[in-house]
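Beneath this line is the structure, given in structure tokens, with notes to follow.
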Amino acid sequence: MSRCPPVIFHNARELLDFESSSSGPLSSGCPLLDDLIGGGFLPGTVTEISGEAGCGKSQICMQLAATSIANGLDVVCVETERGFSVKRVHQMLEFRAENVEEALQHLLISSPSTIEQFMHVLTKLEQSTEELSKTSVLVIDSIATFFRGRLHREDLQNWRRVLVILCNVAIRHNVAVIYVNHVASRKDPSSEEWATAPFLFHVLARRPTIRIWLKRASDGPKTSRSITLMKSPFSPKLSAEFFITNSGVSLLADDKSN
């Protein structure tokens, strides 16, 4: 019979000192977006960004990466759908960095093509201190790629394992973890009506520290989109309209609470 690891308690004073010494929120590159989510993306937390295709999920991740590496911070990205474009990051950097080529040296990218490779990359990140010793941001775009249409018991176990790994990476290495999620139809228990929700919402609901929901508000020459902060311990539920420009994501100033 395996022995359980010892139970360790820390007093509140120790935890307060640790939190006070930790890095502050990381800017998304858009001050209004930072305000909406409570100051920025906080190291030690996990953020889910979900929504239908084309609503701007990857754009926010690329802008966070561009802003971070422009400030000399290291970013690791695990991209599975080729939606995270280095060319687009380069374009965003032209508005943020004095030396674009030097800034790009701070961005590491892994592109697994199978679920086995994906799990291997995440496990290595969890266990290694070298890759994450100077890393401030970990982006997963997208978390659901290898799980769509695969809902066997082993797949669900891997899905839960992914979530545990991301939480461990965030807390142990004091990294801001941001992952992109797909959407699926989900029946509302109260109304019995079908609605769009994050993929495997029933498994994910309690895991991420922060949940952000995006959707396309209108189509046309200048497509508008909406962003809603669905869950956060740092800020109330808020919504805002935003546009995507050459420099990145731009929120309108009329943020409103729900």
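In the working numbering, the protein residues as written are 1 to 258. All C-beta atoms in this analysis are idealised placements derived from N, C-alpha and C, irrespective of residue type, glycine included.
Reduced DSSP secondary structure (H/G/I, E/B, other) of residue i
i, result
"residue 102", "helix"
"residue 176", "strand"
"residue 158", "helix"
"residue 53", "coil"
"residue 135", "strand"
"residue 263", "Because the chain here runs from 1 to 258, residue 263 falls outside it and cannot be looked at."
"residue 245", "strand"
"residue 81", "coil"
"residue 257", "Note on residue 257: pLDDT 49, under 50, position unreliable in the model; the coordinate value appears next. Of the three classes helix, strand and coil, the one that applies to residue 257 here is strand, per DSSP."
"residue 93", "helix"
"residue 42", "coil"
"residue 47", "strand"
"residue 13", "helix"
"residue 168", "helix"
"residue 237", "coil"
Cβ-based neighbour list, residue i, same chain, cut-off 7 Å, excluding 5 preceding and 5 following
i, result
"residue 79", "109, 111, 141"
"residue 95", "247"
"residue 217", "224, 225, 226, 241"
"residue 155", "147"
"residue 257", "With a pLDDT of 49 at residue 257, under the threshold of 50, the modelled position of this residue cannot be trusted; read the value that follows with caution. Hits under 7 Å: 236, 237, 238."
Residue burial classification, residue i (beta-carbon count within 10 angstroms, cutoff 16)
i, result
"residue 44", "buried"
"residue 251", "buried"
"residue 63", "buried"
"residue 56", "buried"
"residue 157", "exposed"
"residue 84", "buried"
"residue 13", "exposed"
"residue 232", "buried"
"residue 9", "exposed"
"residue 135", "buried"
"residue 53", "exposed"
"residue 253", "exposed"
Same chain, Cβ closer than 6 Å to residue i, neighbours up to 5 away in sequence not counted
i, result
"residue 75", "65, 68, 69, 107, 137"
"residue 234", "38"
"residue 81", "142, 145"
"residue 227", "214, 240, 242"
"residue 87", "none"
9 Å Cβ cutoff met for residue i and residue j
i, j, result
"residue 48", "residue 236", "no"
"residue 41", "residue 176", "yes"
"residue 173", "residue 133", "yes"
"residue 214", "residue 51", "yes"
"residue 104", "residue 89", "yes"
"residue 139", "residue 61", "yes"
"residue 249", "residue 26", "no"
Selection from the options that minimises the alpha carbon distance to residue i
i, options, result
"residue 28", "58, 125, 101, 11", "58"
"residue 165", "119, 129, 180, 210", "119"
"residue 77", "242, 30, 180", "180"
"residue 115", "91, 161, 127, 97", "161"
"residue 222", "212, 243, 229, 211", "243"
"residue 169", "86, 34, 130", "130"
"residue 23", "183, 171, 229", "171"
"residue 46", "100, 163, 124", "163"
"residue 210", "167, 117, 245", "167"
"residue 98", "123, 71, 245", "71"
Contacting residues, own chain, Cβ-Cβ under 8 Å from residue i (five flanking each side not counted)
i, result
"residue 100", "90, 93, 94"
"residue 36", "227, 229, 235, 238, 240, 251, 255"
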